[in-house]
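Line by line, the protein sequences give chains C and E. Number 258 in this note's numbering belongs to position 190 of the first sequence; there are no gaps in the numbering. Number 458 in this note's numbering belongs to position 39 of the second sequence; there are no gaps in the numbering. Using N, Cα and C, we set each Cβ at its ideal position, and we do this for glycine too. No experiment lies behind these values; they were computed from the predicted model shown.
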Amino acid sequence: MSQPFEAVKVSDRVWWVGAVDWGIRDFHGYATSRGTTYNAYLVLADKVTLIDTVKAPFMDEMMSRIASVVEPARIDYIISNHSEMDHTGCLPQVMAAAGPEKVFASKNGVEALEAHFRLGGRVTAVADGETVSLGDARVTFVETRMLHWPDSMVSYLSGDGILFSQDGFGMHLASTERFADAIPRDVLRHEAAKYYANILLPFSPLVTKTVAKLKGLNLPLAMIAPDHGPIYREDLGWIIDLWAEWAQQRPAGKAVVAFDTMWGSTDAMARAVAEGLLAGGAESVKVMPLASCHRSDVATELLEAGALVVGSPTINNQMFPTVADLLVYLEGLKPRNLVGATFGSYGWSGEAVAKIEEWLGRMKVDLVAEGVKARYVPDAEALAACRTLGQTVGRALGERCAASG
Amino acid sequence: MKYECTACGYIYDPVAGDPDGGIEPGTAFADLPDDWVCPECGVGKDMFEPLE
C-alpha cells in the first residue's frame, strides 16, 4: 500500500524513517530558527531493528515511513539511545503497535524510560561495549553518559560502518536533504555550533574524553547518523574535529556585548563599549540587544568568543529581567576562559552593575575593569568611560588570545 | 573535602559517603575505588573537582 511518507535509503539495509519538524521555533528555550528533524533509523537485518523513535506528535509520519519498506509488526528490536522525549515520546505507542521482541537501552536508559513511561520492566539493559546480534548484522553499544543525559549511548552497526550517534554531532535543521553533503557548509557550521553551544557546552570535558574513547575503538566509520539534522557520509572528520575544538573552550578574539535598555541610555553605553573593544584589540564585536537577540543566539556567539560585556539599567533595584534570563541561562552552560565587565544606566540606587559583576564572578568570568554606571542619560564623560572600559577588556582579550597561542 | 561532579552537579560528601554505592560514611574522595561512578549521572571519578 502506498504511504504518504516514504523511508529514505541510507545504506543497503538502513533506512531513515524520522520526521521533519518545520515549524518548531522554541525547543525548550533554544530558538530553533530553522526547525529540526527527529531522526529514526530502520535496519533491515534478520532482526528488523528500529533505532530511536520521534517526538510523540510525529509518530504517524514515522510509522508511515516504516510501512513504506516493511510492515511495522515485523520490527523485532527497538534501540533507545537516548531517553529524552523528542526521541521516545511515542515509544510506548510504537511498542504497542509493533510488538517488538526486545527493546534495548543503557542501564541508565532503562531507569529513565521507566521514570518516563512506566513500561514495567519491558526494556533490556545493555552494557558499555556490549554487542547484540541482529542475525546477519551486529550492533555494538558505547555509553556516552552525560552527553548529554545520564542514559545517553551510541550504537555502531558493523559492516555498514554507521555510528548512530543520538544527539552527538547533531543540529536543529529541518530539510528535505538527508545528507550533510547536500547542505551548504556555512549553514551546517552555524547550526552545529549553535547546537554545541546550547546543549553540549557544559559537558565539554566529557566531550573531549568521549571523542578520544570513540577514536580509540578504531571503528571503521562510513557514516555518522545523528538524531537531529543531516547524516554525514563524507568528510566525517569535519564535524568530529569541530566538536573536539569547541570542547577545548579556547579564548577567541571576538567580544560579545549583551544588554537591554529602558530609554536608550544603556544602549548608547553599549555602543561606546563596542567601539572601545575594537580600539583595544578585539578582532570582532557582536552587539546583542536582548530585546531582539535570543539567549540561545548569545550563547552561540559566545562559543567562539573570549569576552563577555554585560549591560543593564537598574529597575526597582534589580537588573533588567532579560539580563537575568541571559545570565541564568549562560551560568548553566558554563562558558570558560572569558574576560568581561559590566555597565549600565540608573536613576537612583543603581544596583544592577554590582549584581551583574557578582553573577559574572560566580561564572568565573575574569572581570578586568570596574563597572561603569551612568546616572539617567550618559554624558560625554560617561560615554568616554564606557569606551575606556571596552578598551581595557579588548586589551585583556588580546593578551589572553596571545597567551593561549 | 567535598567534591563536585562537573557533569551533573552532584556533591560527594565524605561524611555521608555513598551507602547505595557501597561506600561507607567517612570515606575520603581519594579513597573511593577507581571504578566508583557518580550516583546521580554515572560519570567517572575523573570528572569530579574539589569544592572550594
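- Shown here, C/Gln459 sits in a helix according to DSSP, grouped into three states.
- The beta carbon of E/Asp439 sits closer than 8 Å to the beta carbons of Pro458 from its chain, once the five residues preceding and following it are set aside; these are given in chain order.
- With respect to chain E, the C-beta atom of C/Glu211 has a partner C-beta closer than 9 Å.
- For E/Gly441, none of the residues of chain C pass the 9 Å Cβ criterion, the least Cβ distance being about 16 Å.
- The three-state secondary structure of C/Phe271, taken from DSSP, is helix.
- Under DSSP, C/Arg443 takes part in a beta bridge, and its partners are C/Tyr414.
- Note: C/Arg206 is bridge-paired with C/Ser201 in the DSSP secondary-structure output.
- By the CB criterion at 9 Å, C/Val122 and C/Ala87 fall inside the cutoff.
- For the pair C/Leu256 and C/Val85, the Cα-to-Cα distance works out to about 21 Å.
- Along the region 195 to 219 of chain C, going in chain order, the ones with a CB nearer than 7 Å to a CB of chain E are Arg213, Met214 and Pro218.
- Nearest CB-CB separation between C/Leu274 and chain E: below the 9 Å threshold.
- In chain order, Ala426 make up the part of chain E whose C-beta sits under 7 Å from the C-beta of C/Phe271.
- Within the region 161 to 182 of chain C, contact with chain E at the beta-carbon level (separation under 7 Å) is assigned to Asn176.
- At a beta-carbon threshold of 7 Å, the residues of chain C lying near E/Met466 are Pro273 and Leu274, ordered along the chain.
- For C/Lys283, no Cβ of chain E is located within less than 9 Å of the residue's own Cβ.
- When Cβ-Cβ separations below 9 Å define contact, C/Lys277 makes contact with chain E.
- C/Ala342 is not a Cβ neighbour of C/Ala375, given a cutoff of 9 Å.
- The C-beta of E/Glu459 comes closer than 9 Å to at least one C-beta of chain C.
- For C/Pro389, the closest of C/Phe327, C/Lys175, C/Ser413 and C/Lys432 by C-alpha to C-alpha distance is C/Phe327.
- Taking a C-beta distance under 9 Å as the contact criterion, C/Ala195 and C/Phe185 do not qualify as a contact pair.
- Annotation: C/Glu179 to E/Ala426 spans about 19 Å, alpha carbon to alpha carbon.
- Scanning the region 345 to 432 of chain C from its first residue to its last, the whole beta strand (DSSP E) runs of 3-plus residues come out as 352 to 357, 375 to 379 and 407 to 414.
- A distance below 9 Å separates the beta carbons of C/Phe232 and C/Ile147.
- Between C/Ala193 and C/Leu187, the alpha-carbon positions lie close to 13 Å from each other.
- Excluding its 5 nearest sequence neighbours in each direction, C/Gln71 has C-beta neighbours in its own chain below 6 Å: Ser132, Ala135 and Ser136, listed in chain order.
- In this structure, C/Pro381 lies near C/Gly412, with their beta-carbon atoms less than 9 Å apart.
- Only exposed fits C/Ser360, as fewer than 16 other CB atoms lie within 10 angstroms of its CB.
- Burial of C/Glu129 is indicated by the presence of at least 16 other C-beta atoms within 10 angstroms of its C-beta.
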